[in-house]
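A quick write-up on the structure given underneath.
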Amino acid sequence: MTSNGQRPDVAIDVDAITFRYEPKSPDVLHGVSLQIHHGEFVAMIGQNGAGKTTLAKTFNGLLKPTTGTVLAGGTDTRTASVGQLARSVGYVYQNPDHQIFAQRVRAEVAFGPNNLKLSEAEVAERVQEALELVDLADHADEFAFSLGRGQRQKLAVASVLAMRPPTLVVDEPTTGLDQKGAKGILDLLTRWNTHGRTIIVITHDMTLVAERVPRTVVVGGGRIIADGPTREVLSNQELLAEAFLRPPQVTRVAQRLARYGVASDALTVPELHAELSRVLRGAV
Amino acid sequence: MPVGYSIYVERPSYVHRRIDPRTKLAALGATFVFALAFNHPLPLALLMVAVLAIGRWATIPWRKMAPFLIGGTWFLVLGVMVWPLYVKGGPVLLTPFGIEYTLDGVLFGVAMGLRVALMVIAAGVWMMTTSPQRLTEGLLRLGLPHKAGIAMTAAIRFVPLLNAERVTIQEARQARALDLQRGNPFSRAVRSIAIIGPLFIRAIDVAQSLALAMDARGFGARDGRSSIVVLTFSRTDRVIVFVLLATCIAAVVGRLLGFGTITKDYL
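Here the protein sequences line up with chains A and B, keeping their order.
My numbering runs 9 ahead of the 1-based position in the first sequence.
My numbering runs 23 ahead of the 1-based position in the second sequence.
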């Protein structure tokens, strides 16, 4: 415990926050509390307008809570600028074109580390590392805007990774990407997570959540509707229906087959396959 | 992010609904002529009261007019501070730092401040009472080509859209530890220039999608187009335009005869 009651293993500590954009406009977030620990990989799901992005933007101080507190890496976000908080929480935008502004790929990735006032050698090392992580090392001297959509998304991620923030928020990283591009981004996030970094991913992609992310937070109507292990959350039909979400297809199939003895919480194709094999072998 | 349409304030008022946009454009033009015709604060102040009265008659709340009034006040302060340095005459009012502020100088400063404030506030009231659609239709009736009309409406539509984009891009850069508050004004300005690149790319992107979407819906298939907005230039409009024209001529003649002026050395 530190002096402000913050546990050192908590990366993001949201305590009973409400948020509204204008003083007289209605609340967008209603008393949200959430703790994300260091090294976790968390998905935030919910329909459009549920408040996912608003909530995520309070993590790095882009939005300051109207009431309640958000501690990012132990710092109250209201007492620090976004620039300062960027050291502890990185934020990757949904649309890479909002983020990319440098001419060359290398310069784009170097922007963040340069803002951190690192030495030239340190910046170069981090840029190289980040570009290798996202498989863009061969494109370092190309024009940033001439990259394809998937590569621009990777560049956006790399430009934040190069700052080596302990916590990384990624907003809709797979929107508009094909399966290969989406998988590339996810492999990357998974790798980054195994390096001990905290990852919070905002997404609509249930399959992605089911296959990769251990903890899921469901946001709906500006509240947290559910928060727990992905398997529990995604197999709870009533709960997902409340957030206007549907379980992954595989889980829905498993749920329909439950009366034949199939476990209804299968999340991935291999899991369902194993379940079906087991049940079928029993029947023979 | 609120993405709205210009600063237009929808109200069921006489000014909004019954007066033709062409008449309102003429009124704006006339206000500019009046503002430039006089350099004595009295007629300009009366004109200011008239413009604000029209705004209130059109039930524009003070809150919506506040940005223009605040801007106007700045011009007033600036005018009173600067113009007495150049215009001298009448009794000396005060001498800060050995500079003589004369009555004529201060009055002229007030007049110049009012002049700019008048134009700004009149343009504001005009935009708040004329919907972009009606304005465009009015200009089309005055002979503006259709494509230019669309470009104009699109431009008005783009302002809030691009502003939202600008805020997002700025936030994205702050999220990468860019400290916009740091450094002197010059280096801050230099840092904010970097936003122009991505903003332009986004603007071109949006414009291209808009053009495609409009082509896909058959824009430009025919030369002439009907409009959902129907304008009627009524008898009242004719009377207003006539009165405006007459008073404009009277104002210019009056000015040439020396009415409503403090000095003839400046416009």
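Heads up, the beta-carbon is just placed ideally off N, CA and C, and yes, glycines get one too.
Whole-number beta carbon distance between residue j and residue i, since they are thought to touch under 8 Å
i	j	result
B:LEU22	B:LEU222	Beyond the ends of chain B as shown, which are 24 and 290, falls residue 22 of chain B; an answer cannot be given.
A:VAL98	A:THR176	5 Å
B:VAL74	B:ILE144	6 Å
A:GLY193	A:GLY159	7 Å
B:LEU99	B:GLY113	About 19 Å; that fails the 8 Å criterion.
B:PRO44	B:GLY161	3 Å
A:THR239	A:ALA219	7 Å
B:ALA174	B:LEU67	That belief does not hold up - the Cβ atoms of B:ALA174 and B:LEU67 are roughly 35 Å apart, past 8 Å.
A:HIS39	A:ASP18	At roughly 27 Å, the Cβ-Cβ gap does not stay under 8 Å, so A:HIS39 and A:ASP18 are not in contact.
A:GLU284	A:ALA275	5 Å
A:ALA263	A:LEU281	6 Å
A:LEU156	A:HIS148	7 Å
A:LEU94	A:ASP22	Actually they do not touch by this definition, with Cβ atoms about 13 Å apart.
B:VAL38	B:ALA89	With 8 Å as the limit, B:VAL38 and B:ALA89 do not qualify as a contact, their Cβ atoms being about 19 Å apart.
B:THR153	B:ILE83	Actually they are not in contact, since the Cβ atoms of B:THR153 and B:ILE83 sit about 12 Å apart, beyond 8 Å.
7 Å Cβ shell around residue i - same chain, five flanking residues per side excluded
i	result
A:VAL37	PHE28, ARG29, TYR30, GLY60, THR63 and GLY231
A:PRO35	ARG29
B:LEU158	PRO44
A:GLU7	A question about residue 7 of chain A goes unanswered here, because the residues of chain A that appear run from 10 up to 293.
A:LEU289	none
A:THR216	PRO257
B:PRO64	LEU130, VAL133, ALA134 and LEU137
B:PHE91	VAL143, ILE144 and GLY147
Cβ neighbour criterion (16 or more within 10 Å) applied to residue i
i	result
B:ARG199	buried
A:ASP214	buried
A:ARG224	buried
B:VAL213	exposed
B:ARG258	exposed
A:ASP7	Any answer about residue 7 of chain A is impossible in this case: the structure gives chain A only from 10 up to 293.
A:SER128	exposed
A:LEU178	As written in the sequence, residue 178 of chain A is Val, which differs from the Leu given in the question. Flag for A:VAL178 reads buried.
A:PRO257	buried
B:LEU70	buried
B:TRP85	exposed
A:LYS126	exposed
A:PHE120	buried
B:GLU33	exposed
B:ALA273	exposed
A:ASP187	exposed
A:MET53	buried
A:TYR100	buried
B:THR96	exposed
Same chain, Cβ closer than 8 Å to residue i, five either side skipped, listed in chain order
i	result
A:ARG161	PRO105, ASP106, ILE109, ALA153 and PHE154
B:VAL275	VAL56 and ALA60
B:ALA226	PHE181, LEU185 and GLU188
B:ILE218	ARG189, ILE192, GLN193 and ARG196
A:PRO122	GLU131, VAL132, ARG135, VAL136, ALA171 and MET172
A:VAL91	ASN69, GLY70 and LEU71
A:ILE233	VAL41, SER42, LEU43, VAL226 and VAL227
A:GLU247	none
B:TRP149	LYS47, LEU48, ALA50 and LEU51
A:PRO8	Lying before the first or after the last residue shown, residue 8 of chain A is absent from chain A, which here runs from 10 to 293.
Contact set between residue i and chain B, taken where Cβ atoms lie within less than 7 Å
i	result
A:MET172	ARG199 and ALA200
A:VAL37	None at all; the shortest Cβ gap to chain B is about 12 Å.
A:VAL169	ARG199
Contacting residues, own chain, Cβ-Cβ under 6 Å from residue i (five flanking each side not counted)
i	result
A:ASN13	Model confidence at A:ASN13 stands at a pLDDT of 47, short of 50, so the residue's coordinates are unreliable; what they give is reported in the following sentence. Within the same chain, A:ASN13 has no close Cβ partners at all.
A:MET10	Low confidence applies to A:MET10: its pLDDT is 40, below 50, so where it sits in the model is not reliable, and the reading given next is rough at best. Excluding positions up to five away in sequence, the list is empty.
A:ALA25	GLY40, SER42 and GLY77
B:ALA58	ARG138, LEU141 and MET142
A:ILE208	PHE50, LEU177, LEU198 and ASN202
Contact set between residue i and chain B, taken where Cβ atoms lie within less than 9 Å
i	result
A:ARG221	Within 9 Å Cβ-Cβ: nothing; A:ARG221 doesn't reach chain B, min ~24 Å.
A:ARG96	ALA200
Partner residues on chain B for residue i, Cβ-Cβ distance less than 8 Å
i	result
A:VAL166	The premise fails here: A:VAL166 is roughly 12 Å from chain B at the closest Cβ pair, so nothing lies under 8 Å.
Residue i beta carbon near the ligand FAD (any heavy atom closer than 7 Å)
i	result
B:LYS47	Judged by which ligands are present, the structure shown has none, so any question about the ligand FAD falls away.
Under 9 Å by beta carbon: chain A residues contacting residue i
i	result
B:GLY241	Those within 9 Å of B:GLY241 in chain A number zero; the least Cβ separation is about 28 Å.
B:PRO221	ASP106, HIS107, GLN108, ILE109, PHE110 and PHE154
Contact set between residue i and chain A, taken where Cβ atoms lie within less than 7 Å
i	result
B:ILE224	ASP106 and PHE154
B:ALA217	PHE110
B:ILE30	In chain order: nothing, as chain A lies at least about 17 Å away.
Contact list for residue i against chain A, beta-carbon separation under 8 Å
i	result
B:ILE192	HIS107, GLN108 and PHE110
Residues from the stretch 100 to 128 of chain A in contact with chain B, defined by Cβ distance under 7 Å: TYR100, TYR102, ASP106, HIS107, GLN108, ILE109, PHE110, PHE120, GLY121, ASN124 and LEU125
For the stretch 142 to 159 of chain A, which residues have a CB atom closer than 9 Å to at least one CB atom of chain B, in sequence order? PHE154
Select from the stretch 68 to 82 of chain A all residues with a C-beta closer than 8 Å to any C-beta belonging to chain B, and list them in chain order. ASN69 and LEU71
Contacting positions in the stretch 118 to 133 of chain B - beta carbon closer than 7 Å to chain C: Among the protein chains of the structure shown, namely A and B, there is no chain C.
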